[in-house]
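Have a look at the structure below before the remarks.
Below, the structure written as structure tokens:
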């Protein structure tokens, strides 16, 4: 809950309280332990006589306990004094936890103030996909933040006992083991350098994280074809000219490079998603049925993937850009230099089992900066890299990152991987690419 591995969509409730003229929604997605903000917890409606909040864990898990916490609303402390717990495998038929000495529903002792955490363990542990908390007695209103304690059931996906911090925060991982593609200096001053070895979770100080020199990104549009000139007429499905010779005219070289280069977006909109154009048998981008919601701006330059030399790259038209099922913004009339991809890399010295990652942003003299989405790559030798893939779609997985500069965002790998080197590849960010991180795993 607190780390964000349980998404907002997995949380629901019997009712929601709307405060301050109906503008404040105290929804179930806010019921995360230690959540911050003015509206930072779930509160049931005053008219709900049998309130509950539910978490859908998406798969069967072994639950051994629960941690609860209240909150302040309109300056007044509110919390759940006592509650029951029900669980289910299908989300329809629920069973209440029973008192071990009596065949009655167990009533758990809740909180005595709004800030202190109260832990209750299940004896015996329960197996469930859905879990509900039913407040029985509340102070002023039924206001709740909570965390679940448990582990995976499936041995293949099980990370229990192998989810310890690997040493970023504790400094078990030395400064020399942490490198990056580039480093940013505030105002160009050496004393304000955001070194890669600063990328340690909860590090403090004026410069307390890693920040990339460039906001470059290298993976998202990798296999789309560049087309010179303006976009084709609506409905077109391919570039209008066949690839020419690299040693021919500027137009031909430009077209040939377009087949093997990778465009570099330099800015991202606030939304991620939508299907990107697919590749046809000739490597041409096909228009998708629906344009994605992602808006990007493309660099005026391309990345050399295989055989496109600097001379060829210089022959690219300044108006060369991607077209397809994308909403594009033109760069300014001034040429924008190509920026390399940005990433931090952690060398674990030996092969480790990596089961998860925690990320955090930072502030640069008052400017909030964080990575909002990223990919993960891993390697045994530091040369050949594998991008972590979604187990269901087999596509490269994009992890949800942070939404502020201070909170921890935890992502657990459904299928752990074994590697010595790990890279984090930002794909969306706020202001600048800025990161503090911890890896989770074990020596297994």
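In my numbering, the protein residues as written are 249 to 692. By construction, the Cβ of each residue, glycine as well, lies at the ideal position given by its N, Cα and C atoms. Just so it is clear, the structure is predicted and the values come from calculations on it, not from any experiment.
CA-to-CA distance, residue j to residue i, given in whole angstroms
| i | j | result |
| --- | --- | --- |
| residue 693 | residue 596 | Only positions 249 to 692 of the chain appear in this structure, which leaves residue 693 out of reach. |
| residue 258 | residue 377 | 11 Å |
| residue 320 | residue 326 | 6 Å |
| residue 445 | residue 688 | 17 Å |
| residue 462 | residue 433 | 11 Å |
| residue 303 | residue 260 | 7 Å |
| residue 364 | residue 628 | 44 Å |
| residue 345 | residue 354 | 6 Å |
| residue 662 | residue 603 | 8 Å |
| residue 609 | residue 601 | 25 Å |
| residue 271 | residue 656 | 27 Å |
| residue 680 | residue 358 | 42 Å |
| residue 279 | residue 252 | 11 Å |
| residue 389 | residue 341 | 27 Å |
| residue 305 | residue 313 | 14 Å |
| residue 605 | residue 686 | 6 Å |
| residue 637 | residue 643 | 5 Å |
| residue 454 | residue 413 | 24 Å |
| residue 706 | residue 391 | Residue coverage of the chain in this structure runs from 249 to 692, which leaves residue 706 outside it and unanswerable. |
| residue 614 | residue 449 | 19 Å |
| residue 451 | residue 348 | 45 Å |
| residue 322 | residue 273 | 13 Å |
| residue 421 | residue 350 | 51 Å |
| residue 343 | residue 690 | 35 Å |
| residue 400 | residue 373 | 13 Å |
C-beta atoms of residue i and residue j nearer than 9 Å
| i | j | result |
| --- | --- | --- |
| residue 382 | residue 300 | yes |
| residue 684 | residue 371 | no |
| residue 316 | residue 366 | yes |
| residue 658 | residue 277 | no |
| residue 619 | residue 676 | yes |
| residue 630 | residue 665 | no |
| residue 255 | residue 298 | no |
| residue 428 | residue 674 | no |
| residue 599 | residue 682 | no |
| residue 460 | residue 418 | no |
| residue 281 | residue 308 | no |
Contact belief for residue i with residue j at Cβ below 8 Å, rounded distance in angstroms
| i | j | result |
| --- | --- | --- |
| residue 265 | residue 294 | 7 Å |
| residue 447 | residue 458 | 4 Å |
| residue 650 | residue 611 | About 12 Å separates the two Cβ atoms, so there is no contact after all. |
| residue 375 | residue 310 | 6 Å |
| residue 328 | residue 386 | 5 Å |
| residue 594 | residue 425 | 6 Å |
Residue-chain proximity (residue i, chain B), Cβ-Cβ < 9 Å
| i | result |
| --- | --- |
| residue 334 | No chain B appears in this structure, which consists of one protein chain only. |
Residue i beta carbon near the ligand SAH (any heavy atom closer than 8 Å)
| i | result |
| --- | --- |
| residue 644 | No copy of the ligand SAH occurs in the structure displayed, which carries no ligand at all. |
**OP:** Evaluate contact between the region 393-401 and the region 333-344, counting only Cβ atoms and requiring at least three cross-stretch pairs below 8 Å.
**Re:** no
Original post:
If we count Cβ pairs, one from each stretch, closer than 8 Å, do we get three or more for the region 621-634 versus the region 436-452?
Top reply: no
**OP:** Write down every uninterrupted run of the alpha helix (DSSP H) in the region 611-675 whose length is 4 residues or greater and which is fully enclosed by it, in chain order.
**Re:** none
**OP:** Any chance you could list the beta strand (DSSP E) runs of at least 3 consecutive residues sitting entirely within the region 254-285, in chain order?
**Re:** 259-261, 265-267 and 272-274
**OP:** Within the region 394-462, note down every full beta strand (DSSP E) run reaching 3 residues or more, in order along the chain.
**Re:** 426-428
**OP:** Pick out the complete beta strand (DSSP E) segments inside the region 283-338, 3 residues or longer, and give them in chain order.
**Re:** 301-317, 319-321 and 324-336
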